[in-house]
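A.B. asks:
Protein chains: 2
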Amino acid sequence: MFTDFRPVDDRPVYIQVKEYLKRMITKGILQADQKLPSTRELSTLLHVSRNTVITAYADLEEEGLIYTVKGKGSFVSRSKIVTTSSYRLDWRQKINDKARMAEEMDLMKHGIRWEKGMISFTSIAPDEKLFDLSNFKRAFLDRISIEGEILLNYGYAKGYKPLMEYLLRYMENKGVDLTGKDILITNGFTEGFDMIVSALSRENASVICENPTHHTAMKILRLNGFEPVGIEMEQDGIHLEKLRRALSEQLFCFAYLIPSYHNPTGIVMSPEKRMAVLNLFAKYQVPIIEDGFNEELRYSGSHVAPLIACAGKGNSVIYLGSFSKILFPGIRVGWILADKDLIDYLESIKRARTIHTSTLDQAVLYQYLHNGNFEKYLKKARSVYKRKYELAVRCCKEFIPLKRMTGDGGLHLFIELEENIHAREVLKDCYSKGVVFTPGDIFFTDQGGHHTLRLGFSRVSDEEMVKGIKLIGESVKKCMREV
Amino acid sequence: MFTDFRPVDDRPVYIQVKEYLKRMITKGILQADQKLPSTRELSTLLHVSRNTVITAYADLEEEGLIYTVKGKGSFVSRSKIVTTSSYRLDWRQKINDKARMAEEMDLMKHGIRWEKGMISFTSIAPDEKLFDLSNFKRAFLDRISIEGEILLNYGYAKGYKPLMEYLLRYMENKGVDLTGKDILITNGFTEGFDMIVSALSRENASVICENPTHHTAMKILRLNGFEPVGIEMEQDGIHLEKLRRALSEQLFCFAYLIPSYHNPTGIVMSPEKRMAVLNLFAKYQVPIIEDGFNEELRYSGSHVAPLIACAGKGNSVIYLGSFSKILFPGIRVGWILADKDLIDYLESIKRARTIHTSTLDQAVLYQYLHNGNFEKYLKKARSVYKRKYELAVRCCKEFIPLKRMTGDGGLHLFIELEENIHAREVLKDCYSKGVVFTPGDIFFTDQGGHHTLRLGFSRVSDEEMVKGIKLIGESVKKCMREV
Chain A
1 MFTDFRPVDD
11 RPVYIQVKEY
21 LKRMITKGIL
31 QADQKLPSTR
41 ELSTLLHVSR
51 NTVITAYADL
61 EEEGLIYTVK
71 GKGSFVSRSK
81 IVTTSSYRLD
91 WRQKINDKAR
101 MAEEMDLMKH
111 GIRWEKGMIS
121 FTSIAPDEKL
131 FDLSNFKRAF
141 LDRISIEGEI
151 LLNYGYAKGY
161 KPLMEYLLRY
171 MENKGVDLTG
181 KDILITNGFT
191 EGFDMIVSAL
201 SRENASVICE
211 NPTHHTAMKI
221 LRLNGFEPVG
231 IEMEQDGIHL
241 EKLRRALSEQ
251 LFCFAYLIPS
261 YHNPTGIVMS
271 PEKRMAVLNL
281 FAKYQVPIIE
291 DGFNEELRYS
301 GSHVAPLIAC
311 AGKGNSVIYL
321 GSFSKILFPG
331 IRVGWILADK
341 DLIDYLESIK
351 RARTIHTSTL
361 DQAVLYQYLH
371 NGNFEKYLKK
381 ARSVYKRKYE
391 LAVRCCKEFI
401 PLKRMTGDGG
411 LHLFIELEEN
421 IHAREVLKDC
431 YSKGVVFTPG
441 DIFFTDQGGH
451 HTLRLGFSRV
461 SDEEMVKGIK
471 LIGESVKKCM
481 REV
Chain B
1 MFTDFRPVDD
11 RPVYIQVKEY
21 LKRMITKGIL
31 QADQKLPSTR
41 ELSTLLHVSR
51 NTVITAYADL
61 EEEGLIYTVK
71 GKGSFVSRSK
81 IVTTSSYRLD
91 WRQKINDKAR
101 MAEEMDLMKH
111 GIRWEKGMIS
121 FTSIAPDEKL
131 FDLSNFKRAF
141 LDRISIEGEI
151 LLNYGYAKGY
161 KPLMEYLLRY
171 MENKGVDLTG
181 KDILITNGFT
191 EGFDMIVSAL
201 SRENASVICE
211 NPTHHTAMKI
221 LRLNGFEPVG
231 IEMEQDGIHL
241 EKLRRALSEQ
251 LFCFAYLIPS
261 YHNPTGIVMS
271 PEKRMAVLNL
281 FAKYQVPIIE
291 DGFNEELRYS
301 GSHVAPLIAC
311 AGKGNSVIYL
321 GSFSKILFPG
331 IRVGWILADK
341 DLIDYLESIK
351 RARTIHTSTL
361 DQAVLYQYLH
371 NGNFEKYLKK
381 ARSVYKRKYE
391 LAVRCCKEFI
401 PLKRMTGDGG
411 LHLFIELEEN
421 IHAREVLKDC
431 YSKGVVFTPG
441 DIFFTDQGGH
451 HTLRLGFSRV
461 SDEEMVKGIK
471 LIGESVKKCM
481 REV
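As structure tokens, this is what we get:
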């Protein structure tokens, strides 16, 4: 006994001694009323100072795990755990269909697997090498010195006030008329979208969206009992004629649109089309959830206003924003800007779900933004990603026999191969050569897109980019020969 | 024009100039093709350096908001926002019953209001004056220097690995047999409970729990279509005979129990009762959600093992843990320890809801725990709260004519007045004297408890405590005279 104590370096030793003894007591290795070694003995046995053992014993006594008899020593308390009758059940039989669906649609579990060392075009998250750690640290230290206690205590469901104020100004600068609108901070886009969708009545279970569309959004819609109906994309956004036809033929509960750097096609909806789309939805009285995805990652071209700005004083557009895809995905902060009546309900839903988003994260993000670091970071990120984007475009054009390629910026390109080529066949071949990408079919509402694929380039080095796209091109050619 | 520019001190001026101009452009104060002042002119007008204006103009041009004609100057782009037809809808007609319920049951909106300066016994959150800011800062700096990039990028839905490992050991030290179990990190108790409840099949919509019980839990149960059935409490926990009767008469989907420092009664379920309760639920094959609420806030007495430890190798107990009520509520981190099959489903639900809990929060909390700060903090907090607890108990006994008082520790006491006294009447009188507390009826599953109240004392000073409880006592006496 007492020979297997192996303390680690950077944690107080008395805590480690305490935990070690606790484990022996709760596991029954040390029995009730068993005498413990004297503090002197144990310090020799464990090679720690006697004071360390004294502190550990005192803590264990305070926690009621041991007791001391004057002049006799320390003993294990009787209160150790007695395991009682319990039973085993099959939890898979206890869970409901929604939980089952969530598991089945979980791409991280059933999607493309890849091993370390492979060239992966599956990610569209920012490159962590670009992260601006020193300014982030600065922002943390600034904010904690201003109001540390506030950051660590409960906050408001709607959000951390300075951040809310900042984002309202930020949206106003994009041209949004804030009259009658309000903001709610969320744990990223995902929570925001899920909350909105869960709050809307399901009179008409159909939701109109682009086809293809964001996979996670489609998953959340389905988990909430809605069926996405996708409308084909053109080079400048959703196909207007097909949209008009769908709206005239069927009732929709709401629309879900990604007007900028659309995921997965990378298309930016043209200003003219934005107007036309808004007019059309207004005519059919269908509200819009606008996904502000990567709106900031413009590499060239003119300023394009979000739909919610174009809607002026109208209240039918709900805007979902997030800096996750550009700044720091690890801190989960997004926001909903919408009609204040709607926000009022969403605030209560937020409170019932997660009380509020981490005040610490919100406050540090606010300070980072306030300090003006975002603008500087964005400049750097834009120039790095622009270069990567251009390299990716060149490589795809040169190496992949493609039918169509879209992507006006952002962190990914979308490729359409010849109709008779299956992207999953290409992927199989690529996988054997150590290259992976995302097959496009997962983004389609109608099981189409078997001949499409998405290439995320943000986390791929130049060298890997050339090598990887070349290999994809070779696999495509091989598949073409085999057809 | 240009006379209302008011820069703040601690934000780069060029960004403020840029945003100022942006606002004038998006609001249409500066019109398309209008010539902007030269950089020299504007620098004079705004009282900023010329370089500042040059940088601001360059940024605006990059964003496509202005354009430059060589030798002529800078002009506003045509791409400014054209507001198009949109429409207004009544969002209150669009939302569903669940959202409406969430709003109606939102205590922050419809609960007790109180003004600044009042003595408030409504909070059971920790006192922020106790927060251990310097060690928290240290933990942040330690962790960010070890793996800053990782903290800021996407993590895993299940949680940040070092924290998961730490918590598994932590639970093992409480005597839990980890065989076949797994852990999932959540955004506090609230998200964890909501996820579990949303995942369970609703064959039997009834859930058995203590009466009174945690208000938020009751709200979440109802929002998910479950009906809580409360069983009366005795001095050592839930009434065993009544529990037995209820279990024999009705089918229950699961149980929700708060065995330690029960909210709102503050009762700790005795070790003997824990065994009996577990055996009873095993007999009737009803799984248990165990709320580990404030388990650490023991001021005296012997060690009491959580139900999940007493259940040994059984898999019918789901344990929900959180340090929020003791450490830092502002960073929303909690955990679920349960059967690994169940955790597997919950992981997918977590991914579909919030992707994952803030990696930053998890990592800093991990480092704080690892550094051994929690133990030290807990000692300090326990001694402060113990003193407050004892003072509160003394005051209540002295000043309030009560029938029963419970609370074995924790941060609150629960008081039962004579049956014919209405706590809300007492509250009304107290409010006029500047004192507020939580009327107990909100915690009851059966609309009972009109004569009960909860006093949270963690954030009340000694002086306020004596004064406040005295005033409550006077109000109770007044109400007694009036009956």
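Residue numbers (the UniProt record's numbering), protein chains in the order written: chain A, 1 to 483; chain B, 1 to 483.
The beta-carbon is built from N, C-alpha and C at its ideal position, and this holds for glycine as well.
#1: Less than 7 Å between CB atoms is the rule here; does B:K158 satisfy it with respect to chain A?
#2: Would a check of beta-carbon distances place A:M24 closer than 7 Å to chain B?
#3: If you scan the segment 389-468 of chain B from start to end, which runs of the alpha helix (DSSP H) of 4 or more residues do you find wholly inside it?
#4: Please check the pair A:N153 and B:E128, which I expect to be a contact at CB under 8 Å, by giving their CB distance rounded to whole angstroms.
#5: Which partner residues of A:Y67 appear in the DSSP bridge assignment?
#6: Helix, strand or coil: how does DSSP classify B:A338 here?
#7: For chain A, check one thing: does any of its Cβ atoms lie closer than 7 Å to the Cβ of B:F293?
#8: What residues from the segment 209-236 of chain A come within 9 Å of chain B, judged by C-beta to C-beta, listed N to C?
#9: Can you list, in chain order, the residues of its chain with a C-beta nearer than 8 Å to that of B:R143? Leave out the 5 residues immediately preceding and following it.
#10: Residues of chain A with CB under 7 Å from B:E290, in chain order?
#11: Are the C-beta of A:R11 and some C-beta of chain B separated by less than 7 Å?
#12: Any residues in the segment 270-291 of chain A with a beta carbon nearer than 7 Å to a beta carbon of chain B? Which ones, in chain order?
#13: Considering only C-alpha positions, which residue in the set A:Y256, A:V277, A:L278 is nearest to A:G292?
#14: Helix, strand or coil: which one does DSSP assign to A:G148?
#15: Taking B:H303 as the query, report the chain A residues whose CB atoms sit under 7 Å from its CB, ordered along the chain.
#16: According to the Cβ coordinates, are A:K18 and A:D59 closer than 7 Å?
#17: Would you say A:P306 lies against chain E (beta-carbon separation less than 7 Å)?
#18: Quick check on B:Q16: buried or exposed, where buried means 16 or more other Cβ atoms within 10 Å of its Cβ?
#19: Along the segment 323-338 of chain A, where does the CB come closer than 9 Å to a CB of chain B? Name the residues.
#20: Taking the CB atoms as reference points, tell me whether B:G334 and B:G188 lie closer together than 7 Å.
#21: Measure the alpha-carbon distance for B:L184 versus B:L167 and round it to whole angstroms.
#22: In whole angstroms, give me the CA-to-CA distance for A:I220 and B:N373.
#23: Can you tell me the Cα-Cα spacing of B:Y345 and A:Q235, whole angstroms?
#24: Can you confirm whether A:D361, when its beta carbon is compared against all beta carbons of chain B, has any partner nearer than 7 Å?
#25: Determine the contact status of B:T354 and A:E347, defining contact as a CB-CB distance below 7 Å.
#26: Where DSSP assigns a beta bridge to A:N211, which residues make up the other side?
#27: So, helix, strand or coil for B:T179, using DSSP?
#28: Express the C-alpha separation of A:S49 and residue 507 of chain A in angstroms, rounding to a whole number.
#29: Anything in chain B within Cβ reach of A:L200, meaning under 7 Å, just list it in chain order.
#30: Within 10 angstroms of the Cβ of B:D419, are there 16 or more other Cβ atoms? Answer buried if so, exposed if not.
#31: With 7 Å as the threshold, decide whether the Cβ of B:Y154 is near any Cβ in chain A.
#32: Counting only Cβ pairs nearer than 7 Å, list the residues of chain A close to B:I349.
#33: Beta-carbon separation of A:I376 and A:G180 under 7 Å?
#34: Between B:P401 and B:A423, which are expected to be in contact by the criterion C-beta below 8 Å, what is the C-beta distance as a whole number of angstroms?
#35: Starting from the beta carbon of B:V197, find every residue of chain A whose beta carbon is closer than 8 Å, and list them in chain order.
#36: Whose C-beta lies closer than 7 Å to the C-beta of B:T68 among residues of the same chain, with five residues either side of it excluded?
C.D. replies: Let me lay it out:
#1: no
#2: no
#3: 423-432
#4: The beta carbons of A:N153 and B:E128 sit about 5 Å from each other, so the pair counts as a contact at 8 Å.
#5: A:F75
#6: B:A338: strand per DSSP, three-state reduction.
#7: no
#8: T216, K219, I220, L223
#9: So the qualifying residues of the chain are L151, A363, V364, Y366, Q367.
#10: Those do not exist, as B:E290 stays about 12 Å from chain A at its closest Cβ, beyond 7 Å.
#11: yes
#12: Residues of the segment 270-291 of chain A with a Cβ closer than 7 Å to any Cβ of chain B, in chain order: P271, M275, L278, N279, A282, Q285, P287.
#13: A:Y256
#14: helix
#15: Simply E63, G64, L65, S77, S79.
#16: yes
#17: In the structure shown, chain E does not exist; the protein chains are A and B.
#18: buried
#19: S324, L327, F328, P329, G330, I331, R332, V333, A338
#20: Against a cut-off of 7 Å, the Cβ pair of B:G188 and B:G334 comes out as a contact.
#21: 10 Å
#22: 40 Å
#23: 39 Å
#24: yes
#25: no
#26: A:E232
#27: B:T179: coil per DSSP, three-state reduction.
#28: It is not possible to answer for residue 507 of chain A, since the shown part of chain A is limited to 1 through 483.
#29: For A:L200, the chain B residues whose C-beta falls within less than 7 Å of its own C-beta are K94, I95, N96, listed in chain order.
#30: Note that residue 419 of chain B is Glu in the sequence shown here, rather than Asp. Classification of B:E419: exposed, given that the 10 Å Cβ count is below 16.
#31: yes
#32: Those are A99, A102, listed as they occur along chain A.
#33: In the sequence as presented, Ile is not what sits at residue 376 of chain A; that position holds Lys. No, they are not a contact pair.
#34: Going by Cβ atoms, the distance from B:P401 to B:A423 rounds to 13 Å, so no, they are not a contact pair.
#35: Residues of chain A passing the Cβ test: none, with the nearest at roughly 10 Å.
#36: E61, S74
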